[in-house]
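Asker: Numbering (our numbering), first residue to last: 980 to 1380. Before we start, here is the structure in question, set down as structure tokens.
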């Protein structure tokens, strides 16, 4: 019976936005009128959108989501209780491993053509990042108390559940209990609507044209002509722009709907193709993901390498940290050679970029003006496009199919 009910992937179908508008009208009117939230109504809305996204034809994903939330909730509660009086490193790492386990299984088992229906679901990566973040902040003593319902609301905040951005628990919890003033909310409402319409432009117009019209023709021509062809160059540029507009469109939808609900969910993109070096690119592209990896992986790895004096040189330690970070990001995307190569490529690019910046510091007479800045933007754009070409998987088709 449930399999006959169609499911709606968040933001992939215009009908989803109609449901969002209808469902949020009472909440928006109440916040404009009273300047307060309706927690019980927001919970009902969340349950409704979880049902239309993970129920019906996707009921197995719905079961997986329920089991996952129960698992993470109990795990975080147990670690928080333990952390009150203890701080053993092995227990902390075990907790992190257990939090990551469901995500690992969804990535690992398909390699052996094993698909576990009741583990994987849309958005499991983003929920795992949230869960690991909370565990780390309990470990650091940043978080002291644990409110189970706040944590579940944080995990299941429906505007961001499928594709991010990855919010921070403390920021979200503060807004959960403190509604914006009516004047502030009126501004958020206007901004949210603008972002949703901009998302429509990005995803359903530009993203659709690039991904569904241009990209298939370039791919077909590339696979016919081979590696050394102009068609591959056209594919590279088209795929890079498609990836940006499609993903940035999703992120604008998520942030815009969050704004309608009175939440300042962080933006995920900030003109990434205007970056003047690869490190700046990662400060502008999928910002919530790159800052999560920076704060919770790279900085901790660097601290460990320096504390244990694994390397005498901080530069070597930093370079090793970059490779560890981007290899992990590659594996996160999938256990496939081109995702791993994508990670190695970016780590190498950042190491070269750091070397170049150190060299420029020594040669202060070298030119630095608007022309060199423009050249840096062009070079960075092409480095990013080459990395996306690797990421796309077309090289796998060219060389191995």
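By construction, the Cβ of each residue, glycine as well, lies at the ideal position given by its N, Cα and C atoms. Remember, predicted model here, so these are calculated numbers, not experimental data.
1) Counting along the chain, where does the alpha helix (DSSP H) carrying residue 1081 start and finish?
2) Indicate the three-state DSSP secondary structure (helix, strand or coil) for residue 1225 in the structure shown.
3) Tell whether a beta-carbon distance below 8 Å holds between residue 1135 and residue 1029.
4) Please list, in chain order, all residues of the same chain as residue 936 whose beta carbon is under 7 Å from its beta carbon, the five residues on each side excluded.
5) Kindly list the residues whose CB is nearer than 8 Å to the CB of residue 1284, restricted to its own chain and excluding five residues on each side of it in sequence; keep chain order.
6) Taking Cβ to Cβ, would you say residue 1197 is nearer than 8 Å to residue 1213?
7) Is residue 984 helix, strand or coil by DSSP?
8) Identify the continuous alpha helix (DSSP H) that holds residue 1312 and give its terminal residues.
9) Starting from the Cα of residue 1084, find the closest Cα among 1226, 1112, 1047 and 1115 and give me that residue.
10) Between which two residues does the alpha helix (DSSP H) holding residue 1375 run?
11) Just curious, the alpha helix (DSSP H) that residue 1315 is in, first and last residue?
12) Distance, Cα to Cα, residue 1216 vs residue 1011?
13) Looking only at its chain, what residues have a beta carbon closer than 6 Å to the beta carbon of residue 1318, apart from the 5 residues adjacent to it on each side?
14) Rounded to a whole number of angstroms, what is the C-alpha to C-alpha distance between residue 1147 and residue 1128?
15) Kindly list the residues whose CB is nearer than 7 Å to the CB of residue 1388, restricted to its own chain and excluding five residues on each side of it in sequence; keep chain order.
16) By the DSSP assignment, the alpha helix (DSSP H) with residue 1150 in it spans what residues?
17) Distance, Cα to Cα, residue 1204 vs residue 1322?
18) At which residues does the alpha helix (DSSP H) containing residue 1135 begin and terminate?
Answerer: Taking the coordinates as given:
1) Start and end: 1068-1087.
2) helix
3) yes
4) In this structure the chain extends from 980 to 1380, so residue 936 is not present and cannot be described.
5) 1290, 1296, 1299 and 1300
6) yes
7) Bear in mind that a pLDDT of 49 at residue 984, under 50, signals an unreliable position, so the number given afterwards is only what the model happens to contain. DSSP places residue 984 in coil when its eight states are reduced to three.
8) 1293-1312
9) 1047
10) 1373-1379
11) It is not in any alpha helix (DSSP H) - residue 1315 carries neither H nor E in the DSSP assignment.
12) 44 Å
13) 1309 and 1312
14) In a straight line, the C-alpha of residue 1147 is about 16 Å away from that of residue 1128.
15) Because the chain here runs from 980 to 1380, residue 1388 falls outside it and cannot be looked at.
16) Counting along the chain, the alpha helix (DSSP H) containing residue 1150 begins and ends at 1148-1156.
17) 27 Å
18) Counting along the chain, residue 1135 falls outside any alpha helix (DSSP H), and DSSP gives it neither H nor E.
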